[in-house]
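Note sheet for the following structure.
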Amino acid sequence: MAVVLAWRGRIGLFKRGRHVGHDAGLWHCITGFLEDGNHVHAQALLKLFESTGISVAELVDFRPGPVLDLPDTRGGRWRAHTFRAETERKKLRLSWEYDACRWVRPRSVVRFDGQAAWLRAVLAAVGAVA
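For the numbering used here, count along the sequence shown from 1 and bump the result up by 41.
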């Protein structure tokens, strides 16, 4: 799944840590796998909390987007259930998976270097960028 987090009209971009096994050093939205037995909506909210410290009570909006079939850098495919979340909380508590977060204006995303290849497709799917 892929969760795009927004704050005051800006999009949260999260830099993957050096110690993760996939996309290390690249800018992402919040991503995770659907664990057996979990509903995708609940798993997305849990992953958002684990990654940022943002609880359900701190969200002013949370809505599903389309399911995307995205290419993986390892040559496979990734089925991504997309979500868009909005919060009024700027300061986040990042998990070990991420080294940094930047709040970026939508029009500036195209100039932001080091993004995962699929990121703009996810951002567009949830209406975060044109």
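Ideal placement from N, C-alpha and C gives every residue a C-beta, glycine not left out.
Where does V61 fall in DSSP's three states?
As a first step, residue 61 is located in the sequence shown; it is residue number 20 there, counting from the start. Coil at V61, not helix or strand.
Is K88 helix, strand or coil by DSSP?
Residue numbering aside, residue 88 sits at position 47 when the sequence shown is read from its first letter. K88 falls in the helix class under three-state DSSP.
Hey, how far is the Cα of G116 from the Cα of V163?
For the purposes of this step, residue 116 is taken as the residue at position 75 of the sequence shown. For the purposes of this step, residue 163 is taken as the residue at position 122 of the sequence shown. If I take the Cα positions, the gap works out to 18 Å.
DSSP beta-bridge partners for G53?
As a first step, residue 53 must be located in the sequence shown, where it is residue number 12. W144.
Using the DSSP secondary-structure output, state which residues sit across from H122 in a beta bridge.
The sequence position of residue 122 within the sequence shown is 81, counting from 1. V108, per the DSSP bridge assignment.
In terms of alpha-carbon separation, which member of Q84, I71, A158 and W119 lies closest to D140?
On the sequence shown, position 99 is the one that residue 140 refers to. If we check each option's Cα against that of D140, I71 comes out closest.
Quick one: measure Cβ to Cβ for W68 and K56, integer angstroms, because I've assumed they're closer than 8 Å.
To locate residue 68, count along the sequence shown from 1; it is residue 27. To locate residue 56, count along the sequence shown from 1; it is residue 15. Contact flag correct, Cβ pair sits at about 6 Å.
Compare the Cα-Cα distances from L54 to each of F103, H80, G168 and R161 and report the closest residue.
The sequence position of residue 54 within the sequence shown is 13, counting from 1. Cα-wise, what sits closest to L54 is R161.
Can you tell me whether DSSP reads A47 as helix, strand or coil?
On the sequence shown, position 6 is the one that residue 47 refers to. Correct three-state label for A47: strand.
Can you find the residues in the same chain that come closer than 8 Å, C-beta to C-beta, to E129, ignoring five residues on each side of it along the sequence?
Taking the sequence shown and counting its residues from 1, the one referred to as residue 129 is at position 88. Correct list, in chain order: W48, R49, E99 and V101.
What do you reckon, are the CB atoms on E138 and V61 nearer than 8 Å?
Counted from its first residue, the sequence shown places residue 138 at position 97. Counted from its first residue, the sequence shown places residue 61 at position 20. Going by C-beta atoms, E138 is nearer than 8 Å to V61.
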